[in-house]
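Colleague: Under this note's numbering, the first residue of the sequence shown is numbered 25, with each subsequent residue one higher.
For glycine and all other residues, C-beta sits at the position ideal for the given N, C-alpha and C.
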Amino acid sequence: MIEYKLWALIEELSTGSYKTSDYLASVMNVSEKTVRTRIKELNLTLKDHGAEIISKQRCGYLLQVNKSEKWMSFIQEKDNIFDTTPTNSEERVRYLLFTLLNRMDYVKLSDISEFLYISKKTISTELKKVEIILDQFNLSIERKPYYGIRVIGHEFDMRCCLIRNFMLSGYSLPGMKERQEEGTKEIAKALLSLGKEYGLRFSESAFQNLVVYIFLSLSRMKQGMYVERPIEEEDNVIDPLGFEVADKLYQVLMKDREHPLKEDEIYYTGIYIAGKRSIGSGSEGKFNFVISEKIDNLVMEMLSEIHKSYKIEFRNNLNLRMMLNQHLMPMEIRIRYGIPLENPILDEIKDKHLFAFTMAQQACIPLVRSFGRTLSESEIGYIALSFALALEQTKSEIKKRNILLVCASGKASSQLLSYKFRQEFGDYIDTMNVCNVYELDHMEMEDYDYIFTTVPIFQKVNIPILEIHDILERYEIMAVKDLLQLGNLHFLKEFYKEDFFFYDIDGGTREEVLEQMCKKISERADLPEGFYESVLERESMGATDYGNLVAIPHPIKMTTDETIIAVGILKEALVWSKHPVRIVILVALSEEETGDVQKFYEVTTKFISNGQSVTRLIEKPNYETFVSLLGE
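Put into structure tokens, the structure is as follows:
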């Protein structure tokens, strides 16, 4: 059998072109002498499988297949043995992580280095990346002279780490692909039956995640890897339904098993069930669902945070309050125990509901303080859905507008356009009148909110004008709806002022950029003492970069007498917290109530969501371009 890492050499030599020993040594991170030695080793085996490595002076080496049928049979056998071949840094990190998490004893770095055919320096670099991943699950690496290294920490955290980094990505554990498929089918069947019996509900992704956890738990129990419950662990942190279902589940799954079941396994599986189940309308089984006072208080803090930051009043929205309570009950368990959560629609949420996602990030600050952990974007995304629904419900109370249609064509065409407006925008229109351009001077402009015209208007009027075609194009319909929904966008100039538009921000770190912007602002307005520190404190609570090269930082609390919105265009992109950023919108709202804050954020997040608009501002970084893009 060919050793694991020698397949990387075979793949390099299978491209149809000669490769020099110098090239092979560089890509495999070994010496040329080692390459030549391994090629000799390979040839001893390959000849028995219909192939050989040939050499050509001044050209290098090439894999030559002599008996294709025999070689293809060998290749297929290789594919069944190895799920992946670690040939780059990412794959090596995955291999190291998997190897360390599935060993109870120590392993020497020299043995791993030799097996992977990489230098000790490279293995040390990859190990640092592994430690960063382990730290996210409260795990660490223990080093013991002359013995090697091993992962230490709680077994439950090790399982969560394996699930998050391997099994949720569709990766089958080496050597157990078929057993995993059969085992998960049996678990899923039993769990579905118990779910129906007890009135349990799961999302599709949560159900799959739970099935994988139970399969992994059974597999590790066979290897003698059990979870142990800390002595100080409280009994009342989980609702009893999860425990009872876990107990029944293991009775079904382990009735014919030889290895014993420890009570702590039932306890942690109960935790996992409680953290994954959906709570809401419908049967909750024979146990009452009781929202704790702690969770309800946290929800009220979240809604207060929204009011403080965005001047949007959700504290009296009982429906939103109950939705968040129901979501936070299992979420608290996930956060406390580090249970991974997948959100398959996260990108869609950020794309279509960016303002709601922004609000959710701010609303989660009390949770970060309470739980002592930052929340993943997947968790924030689900909370954002509740805010997106609440925002849509506030839009149901549409402010109707009075509009004037100006047409140059005949009466029939004017009536057709009027009918089209009523059909498309009837929910937004209170009164609508039609006139031609010559009658415009006789119309009372104060009676209308907007003019929609098919011809240019040269006389001065004091209300917004939007030019359209006689037959509305699709893009025009969307533009008109945006205008009627958001109203006159002239209010944006009260938020975005040219004095606070900076196109020359230079900084190598997030902190340097924010410090420079605060300094520029203070040259034009009075900033309270500690403003910069307040912005950094907010950054420590969670990310403010949303992708699309934009970040929207702001202080942890309102400290300015007047609203200040500063826009900074960076000379070079830098990684903010997770994403590269070129545009920074630093928001400092005053404590005075204003009804335009929600509209301000809606327009701003719409701009951020439009990658073309962001690119155009970066290419032409000036105030006029920015204001024009906001109005599009």
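1) Around the C-beta of Pro645, are 16 or more other C-beta atoms found within 10 angstroms, so that it is buried, or is it exposed?
2) Count the other CB atoms within 10 Å of the CB of Cys388; is the residue buried (16 or more) or exposed (fewer)?
3) Which partner residues does Phe526 have in the DSSP bridge list?
4) Quick check: the Cα distance between Thr58 and Ser92, rounded to an integer number of angstroms?
5) Once DSSP output is grouped into helix, strand and coil, what is the label at Phe476?
6) Does the beta-carbon of Asn233 have 16 or more other beta-carbons within 10 angstroms, so that it is buried, or is it exposed?
7) Contact between the segment 140-147 and the segment 208-217 is defined here as three or more beta-carbon pairs at a separation below 8 Å; is this criterion met?
8) Determine the extent of the beta strand (DSSP E) in which Ala387 is found, giving its start and end residues.
9) One question on the structure: do Asn460 and Ala432 come within less than 8 Å of each other, judged by their Cβ atoms?
10) Please go through the segment 54-138 and give each complete alpha helix (DSSP H) segment of 4 or more residues, from N-terminal end onward.
11) For the alpha helix (DSSP H) that Arg345 lies in, which residues bound it at each end?
12) Need the endpoints of the alpha helix (DSSP H) that Gly655 sits in, please.
13) Jot down the residue ranges of each uninterrupted alpha helix (DSSP H) in the segment 398-431, minimum 4 residues, whole runs only, in chain order.
14) Please report the straight-line C-alpha distance between Leu48 and Val54, rounded to a whole angstrom.
15) Kindly provide the ranges of any alpha helix (DSSP H) runs that are 4 or more residues long and lie completely inside the segment 158-240, ordered along the chain.
16) Does the separation of the CB atoms of Leu120 and Leu70 fall below 8 Å?
17) To the nearest angstrom, how far is it from the Cα of Ser113 to the Cα of Leu391?
18) Within 10 angstroms of its Cβ, does Ile176 collect 16 or more other Cβ (buried), or is it exposed?
19) Is Ile453 helix, strand or coil by DSSP?
20) Does the segment 162-181 come into contact with the segment 269-281, if we say contact requires no fewer than three beta-carbon pairs (one atom in each stretch) closer than 8 Å?
21) Which of the three DSSP states is assigned to Arg606 in this structure?
22) Please classify Leu490: does DSSP put it in a helix, a strand, or coil?
23) Could you check whether the segment 290-301 touches the segment 318-327, counting it as contact only if at least three pairs of C-beta atoms, one from each stretch, sit closer than 8 Å?
24) Note the first and the last residue of the continuous alpha helix (DSSP H) segment covering Pro264.
25) The ligand FMN heavy atoms versus the CB of Asn67: any closer than 7 Å?
26) Going straight from the alpha carbon of Lys517 to that of Leu370, what length do you get?
27) Whose CA, out of Asp471, Glu470, Val485, Ile492, lies closest to the CA of Val479?
28) Have a look at Leu242 and Glu65 and give me their C-alpha separation to the nearest angstrom.
29) Give me the Cβ distance between Ser614 and Thr639, rounded to the nearest whole Å; I'm assuming they're in contact under 8 Å.
30) CA-CA distance, Gln386 and Asp320?
31) Taking the continuous alpha helix (DSSP H) assigned at Met541, which residues delimit it?
32) May I have the straight-line CA-CA distance separating Asp95 from Glu76, to the nearest angstrom?
33) Is the CB-CB distance between Ile427 and Tyr472 below 8 Å?
34) Going by other Cβ atoms of all chains shown within 10 Å of its Cβ, with 16 needed for buried, is Arg397 buried or exposed?
35) Taking only the alpha-carbon atoms, compute the straight-line gap between Ser41 and Glu35 and give it to the nearest angstrom.
36) Does DSSP put Leu613 in a helix, in a strand, or in coil?
Modeller: This is what the structure gives:
1) buried
2) buried
3) Gly592
4) 28 Å
5) strand
6) buried
7) no
8) No beta strand (DSSP E) contains Ala387, which is instead part of the alpha helix (DSSP H) from 378-387.
9) yes
10) 56-70, 92-105, 113-125
11) 342-361
12) 647-655
13) 401-419
14) 8 Å
15) 179-189, 201-222
16) no
17) 35 Å
18) exposed
19) strand
20) no
21) strand
22) strand
23) no
24) 264-277
25) Judged by which ligands are present, the structure shown has none, so any question about the ligand FMN falls away.
26) 32 Å
27) Ile492
28) 40 Å
29) Contact flag wrong, Cβ pair sits at about 32 Å.
30) 17 Å
31) 534-546
32) Position check: residue 95 holds Trp in this sequence, whereas Asp was assumed. Each residue's alpha carbon lies about 10 Å from the other.
33) yes
34) exposed
35) 12 Å
36) coil
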